[in-house]
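Below is one structure, written out as structure tokens, with a few remarks after it.
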Amino acid sequence: MPLSLPVSRSLRHTRAITVEAYARDDGLWDLDASIRDVKTRDIPLASGTRPGGLPVHDLKLRVTIDRKLTIVDAEAASDAVPYPGFCETIAPAYKKLVGLSLMNHFRLHLKDRLSGVLGCTHLTELAQVLPTAALQAFADDVFDTRGADAKVATNPAERPFELDRCHALRSDGPAVATYYPRWSIKAVAG
Numbered sequence: 001m002p003l004s005l006p007v008s009r010s011l012r013h014t015r016a017i018t019v020e021a022y023a024r025d026d027g028l029w030d031l032d033a034s035i036r037d038v039k040t041r042d043i044p045l046a047s048g049t050r051p052g053g054l055p056v057h058d059l060k061l062r063v064t065i066d067r068k069l070t071i072v073d074a075e076a077a078s079d080a081v082p083y084p085g086f087c088e089t090i091a092p093a094y095k096k097l098v099g100l101s102l103m104n105h106f107r108l109h110l111k112d113r114l115s116g117v118l119g120c121t122h123l124t125e126l127a128q129v130l131p132t133a134a135l136q137a138f139a140d141d142v143f144d145t146r147g148a149d150a151k152v153a154t155n156p157a158e159r160p161f162e163l164d165r166c167h168a169l170r171s172d173g174p175a176v177a178t179y180y181p182r183w184s185i186k187a188v189a190g
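Take the sequence shown: its letter number 149 is residue 149 in UniProt numbering, and every next letter is one higher.
Written out as structure tokens, the structure is:
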């Protein structure tokens, strides 16, 4: 279902976030993430006027992960920043992501290591999308997503990891009853 029709308006700012996942020849995966902010008009910055249409931020973050979703390498780059000569000096700090699991309290550990003055607000915000992007990348490539029948056939004791991770796949909901009946539980009457 699409959004409702908007009232009359004019575009002032675009933030684009992308994540591309690459399976590497060595068995690891690269997640190349970027965040780009562009204003439609000239804006005054302390470092000078940024012409409309040119990015205020154009930042990149690459993490290399293994098949267990553990970060084995990380790097950051800042191609456009509001404070040239200063913003991009934080890039080496993103090596602090190495060793973190994208599935084990990643956002909490990210905050501990790179929030506030310990990192770049925008790169740290960008890193927060990596866990779900990695899961999507691994779906049906690293992780079997064929449904309950395939999982039961290969390992009947293994509960599908995706259950109870979103509204649609709650154990007491109709989607689980339909697609994962073995793992369905009856809703508790309240």
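For each residue, glycine too, the CB sits at the ideal point set by N, CA and C. All of these numbers come straight from a predicted model, not from anything done at the bench.
When rounded, the separation of the alpha-carbon atoms in Leu-163 and Arg-15 is 31 angstroms. The beta-bridge partner set that DSSP reports for Ala-74 consists of Val-63.
Here Ile-90 carries a helix assignment [DSSP, helix/strand/coil].
Every alpha helix (DSSP H) stretch that sits fully inside the stretch 157-185 and reaches 4 residues is listed by chain position as 174-179. Within a 10 Å sphere around the beta-carbon of Thr-64 sit 16 or more other beta-carbons, which makes this residue buried. Within the same chain, Cβ atoms closer than 6 angstroms to the Cβ of Tyr-83 are found at Ser-47, the five residues on either side in sequence being excluded. When secondary structure is reduced to three states using DSSP, Asp-42 falls in the coil class, being assigned neither helix nor strand. According to the DSSP assignment, Ala-21 belongs to the beta strand (DSSP E) that extends over 13-23. Taking each of Trp-29, Leu-114 and His-109 in turn and checking the Cα distance to Lys-68, the smallest one comes out for Trp-29.
Boundaries cannot be given for Arg-9, as no beta strand (DSSP E) includes it and DSSP labels it neither H nor E. Under the 10 Å beta carbon count, Leu-110 is surrounded by 16 or more other beta carbons and is classified as buried.
In the displayed model, Pro-55 falls within a strand according to three-state DSSP. Going by beta carbons, Leu-61 and Leu-102 fall outside the 7 angstroms limit.
Taking a C-beta distance under 7 angstroms as the contact criterion, His-57 and Asp-37 qualify as a contact pair.
Excluding five sequence positions before and after Thr-121, none of the CB atoms of its chain fall closer than 7 angstroms to its own CB.
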